[in-house]
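In the working numbering, the protein residues as written are 6 to 245.
From the three backbone atoms N, C-alpha and C, an ideal C-beta is built for every residue, glycine too.
Computed from a predicted structure; not experimentally measured.
Okay, so here's the structure we're looking at.
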Amino acid sequence: MGSVRVPPRLLPVAALLVTVGCASAAGNEAVASAPLARPAAAAATAASERAVATTAARVVVDQSWTAFATVGGVRLVHPSSRVERVGFHEANHDGARQLEPLPTAVAPTTLESRGRLTGSRTAADVVVDPGVEIRAPVTGWVKRAGTYVLYCDHRDDYLAIEPDDHRGWEVKVLHVDGVVVRAGDRVVAGRTVLAPRPTQLPFESQVDEVSPTRPAWPHVHIEVVDPSIPDRPSPGGGCP
6 MGSVRVPPRL LPVAALLVTV GCASAAGNEA VASAPLARPA AAAATAASER
56 AVATTAARVV VDQSWTAFAT VGGVRLVHPS SRVERVGFHE ANHDGARQLE
106 PLPTAVAPTT LESRGRLTGS RTAADVVVDP GVEIRAPVTG WVKRAGTYVL
156 YCDHRDDYLA IEPDDHRGWE VKVLHVDGVV VRAGDRVVAG RTVLAPRPTQ
206 LPFESQVDEV SPTRPAWPHV HIEVVDPSIP DRPSPGGGCP
């Protein structure tokens with residue numbers, strides 16, 4: 006099914022609280038409750054509705070690196086030119102700052118609590134076209150970049166940028182595939198390519214559950230962290 010191109014425009018900011026289930030295999034994710042048994046007719050109707058939803062046309066906004074959030078003078082731009090939505094959620098790091106969605110954010114949604122001890126919009130999952138390059142969401146200097154193991158099992162690339170507009174803070178970017186910048190590199194918001202594509206994670210993420218289309222597109226995780234704030238391990242975190 007092809008996508009529907011939507012011209013750039015100001016979109017209303019909405020902090021919409023939605024009910025979602027378990028986002029991933031991580032130990033500190035919210036746990037979904039078991040569904041109640043339903044009559045066969047109701048189950049068939051629900052299955053039909055899901056089938057219609059998954060065949061709906063994908064709504065994509067083609068935009069020229071507009072900003073989607075701000076915090077402490079730092080403005081974050083969408084990391085891709087083709088964006089489906091921005092899902093705000095609780096970050097895993099205590100130093101993550103609460104993001105303020107901007108009117109130009111693409112389909113902003115605040116996801117259900119993950120049971121973490123951070124603010125409801127301390128991280129953003131920006132759902133993007135899997136075939137489009139990922140660019141810097143902020144102007145600054147790369148502090149770290151490379152590969153790590155996500156949830157103790159999945160290879161993923163990341164980088165941390167010190168933004169010009171708030172020295173000492175870090176803009177962390179996760180779920181990019183084939184990062185091409187290194188520590189010490191200068192990056193410019195909306196111009197510098199960070200990776201040729203986003204990482205397609207091998208499991209369903211929380212933000213996937215608010216999309217009416219399948220297969221779900223990948224997302225780029227972005228958060229702004231104050232490293233001077235000590236981080237406390239999340240309950241249930243760590244590897245076996």
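Query, Result
"Does the beta-carbon distance from V193 to A141 come in below 8 angstroms?", "yes"
"Tell me which residues share the same chain as G78 and place their Cβ nearer than 6 angstroms to its Cβ, disregarding the 5 neighbours each side in the sequence.", "D170, H171"
"Taking C-alpha atoms, which residue in N97, E105, V65 lies nearest to T75?", "E105"
"Using the three-state DSSP reduction, which class does D213 fall into: helix, strand or coil?", "helix"
"Can you check DSSP and say which residues form a bridge with A61?", "According to DSSP, A61 bridges with nothing at all."
"Can you give me the Cβ contacts of V137 inside the same chain, cut-off strictly under 7 angstroms, excluding the 5 residues immediately before and after it?", "S85, S86, R87"
"For A188 and P201, I'd like the C-alpha separation in whole angstroms.", "18 angstroms"
"Of the choices V132, P168, R191, T204, whose alpha-carbon is the least far from that of Y153?", "T204"
"Answer yes if the segment 123–136 comes into contact with the segment 88–107, meaning at least three C-beta pairs across the two stretches below 8 angstroms, and no otherwise.", "yes"
"Alpha carbon to alpha carbon, how far is G120 from L199? Give it in angstroms, no decimals.", "31 angstroms"
"Short check: CB of V230 to CB of K177, under 8 angstroms?", "yes"
"CB A110 to CB F73, shorter than 8 angstroms?", "yes"
"If I follow the unbroken beta strand (DSSP E) through I234, where does it start and stop?", "Run containing I234: none; DSSP gives neither H nor E here."
"Locate the beta strand (DSSP E) running through F208, then write down its first and last residues.", "Premise fails: F208 is in no beta strand (DSSP E) and is neither H nor E."
"If you drop the 5 nearest sequence neighbours on each side, which residues of the same chain put their C-beta closer than 8 angstroms to that of T144?", "P168, D169, D170, V192, V193, A194"
"Would D231 count as contacting chain C if we go by Cβ distances under 8 angstroms?", "No chain C appears in this structure, which consists of one protein chain only."
"Thinking H159 and H226 are a contact (beta carbons under 8 angstroms), I'd like their distance in whole angstroms, please.", "That pair is no contact at about 13 angstroms."
"Return the residue from the list L155, G173, A150, C157 that minimises the CA-CA distance to Y163.", "A150"
"Report all residues from its chain with a CB closer than 7 angstroms to the CB of V147; omit the five preceding and five following residues, and keep chain order.", "L164, I166, V186, R187, A188, G189, D190, V192"
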